[in-house]
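**Student:**
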Amino acid sequence: MSDRFVFGQAPLSGVWIARRNIFEDARGAFGRLFCAEEFQRIGFNKPIVQINHSITPVKGTVKGLHFQHPPHAETKIITCLKGEVFDVAVDLRQGSKTFLSWYGQRLSAENHKSIIIPEGFAHGFQTLTEHCELVYLHTEFYVPKAETAFNVTDKRIGIKWPLPVTVLSERDKSNPFVPQDYGGVTL
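Written out as structure tokens, the structure reads:
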């Protein structure tokens, strides 16, 4: 095993942080974004079927909180390649001890961290700098009819965004709040 990653478990069960070990010399730097063999150490064994690239120019922009319902539920691995973001996972798993709890992690080009967000979690982020670029690795294809989202300002979830929200899409502004009788995602 080459130990190109250091894995740490987040406070929400199933959420992991992977820090890439970067190798530098006179030619520059090299690091892996993903290695199936090494990710198996944390129980990640699904294939990556889709890779997305997100570019967000304005500091303070918030995107989220998106997720897909089974059978299209997905695990996401999110990496920041440029700038810095506050990346958030919200536990929506039915019966989970941390149901509707959230965890946030700063991801940046400098700290070489990725967050692994499993099925049954919503995902969102806020840009902390101008000109942020993220790469998402997905274990399921995007299926519009399976997607749902909750409002990023939902007081029931209570995310403490580090900055004032400067940009929020019309779509994300109109995302519903979590219903009082919401029972969660059954996996």
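Just so we're aligned: the sequence shown equals residues -10 to 176 in the numbering used here. Ideal placement from N, C-alpha and C gives every residue a C-beta, glycine not left out. What you are looking at is a predicted structure, and each value in this text was computed from that prediction instead of being measured.
(1) Note down the Cα distance separating P59 from A15, rounded to an integer number of angstroms.
(2) Figure out for me which residue from S43, T45 and L70 has the closest Cα to the Cα of R9.
(3) Can at least three beta-carbon pairs, one atom from the stretch 60 to 68 and one from the stretch 79 to 90, be found at a separation below 8 Å?
(4) For I11, which residues in the same chain have their Cβ closer than 8 Å to its Cβ, ignoring the five residues on either side in sequence?
(5) Tell me the DSSP secondary structure of D170 in three-state form.
(6) Pick from A138, F114, H42 and W150: whose alpha carbon is nearest that of N164?
(7) Hey, G113 and L54: beta-carbon distance below 7 Å or not?
(8) Which residues bound the beta strand (DSSP E) around K71?
(9) Can you list, in chain order, the residues of its chain with a C-beta nearer than 7 Å to that of Q83? Leave out the 5 residues immediately preceding and following it.
(10) Please specify which runs of the alpha helix (DSSP H), each continuous and at least 4 residues long, are wholly inside the stretch 92 to 166, giving them in chain order.
(11) Pick helix, strand or coil for I11, following the three-state DSSP scheme.
(12) Between the alpha carbons of A98 and G72, how many angstroms are there, rounded?
(13) Have a look at the DSSP bridge pairing and note the partners of K52.
(14) Roughly how many angstroms lie between the CA atoms of D(-8) and R30, to the nearest whole one?
(15) Need the endpoints of the alpha helix (DSSP H) that H25 sits in, please.
(16) Applying the 10 Å Cβ sphere with the 16-neighbour rule, what's the burial state of I40?
(17) Taking the beta strand (DSSP E) that V205 belongs to, which residues open and close that run?
**Tutor:** Once the coordinates are examined:
(1) Roughly 48 Å separates the two Cα atoms.
(2) Comparing Cα positions, the closest option is L70.
(3) The stretch 60 to 68, when compared against the stretch 79 to 90, does not touch it at the 8 Å Cβ threshold.
(4) In chain order, A18, F19, G20 and H101 place their CB closer than 8 Å to the CB of I11, counting only its own chain and leaving out the 5 sequence neighbours on each side.
(5) Coil.
(6) When each option's Cα is compared against that of N164, the closest is A138.
(7) Against a cut-off of 7 Å, the Cβ pair of L54 and G113 comes out as a contact.
(8) Going by DSSP, K71 is part of the beta strand (DSSP E) stretching over K65 to K71.
(9) Taking Q83 as the centre and dropping the five residues before and after it, the same chain places the C-beta of G172, G173, V174 and T175 closer than 7 Å to its C-beta, in chain order.
(10) Correct list: 159 to 162.
(11) In the three-state DSSP reduction, I11 falls in the coil class, being neither helix nor strand.
(12) Annotation: A98 to G72 spans about 6 Å, alpha carbon to alpha carbon.
(13) Bridge partners of K52: F114.
(14) One C-alpha to the other measures close to 11 Å.
(15) For clarity, residue 25 is Ala in the given sequence; the question names His instead. Here the alpha helix (DSSP H) through A25 covers A25 to F28.
(16) Its Cβ having fewer than 16 others within 10 Å, I40 is exposed.
(17) With the chain covering only -10 through 176, there is no way to say anything about residue 205.
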